[in-house]
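Notes follow the structure.
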Ligand SMILES: [Zn+2]
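Residue numbers (my numbering): -7 to 61.
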């Protein structure tokens, strides 16, 4: 089950990180940037999907949240 979250609910720093820390399979390059971001939770894991800012290919990255004790 997929639960879509509001990308704008993230703070500015997080948004910047997620939009810049990307990997594109088609370009075979990291950190190209992402457009049309969508944030969602699936199987209790958080993902961000969007389109590569260079070629437009759909890319998805998992958000790994660091747990602070
Ligand atoms: Zn690309």
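Glycine is no exception: its CB is placed at the ideal position from the N, C-alpha and C atoms.
Contact check for residue 47 and residue 19: beta-carbon distance about 6 Å, within the 8 Å limit, so the pair qualifies. For residue 14, the Cβ stays outside the 6 Å cut-off from all heavy atoms of ligand 1. Between ligand 1 and residue 0, a heavy atom-to-CB distance of less than 6 Å is absent. Note that the C-beta distance between residue 55 and residue 33 is not below 7 Å. A Cβ-Cβ separation of about 19 Å leaves residue 14 out of contact with residue 3 under the 8 Å criterion.
When rounded, the separation of the alpha-carbon atoms in residue 35 and residue 53 is 14 Å. Setting aside the 5 residues that flank it on each side, residue 28 is surrounded in the same chain by 42 and 43, each with a C-beta closer than 6 Å to its C-beta; the list follows chain order.
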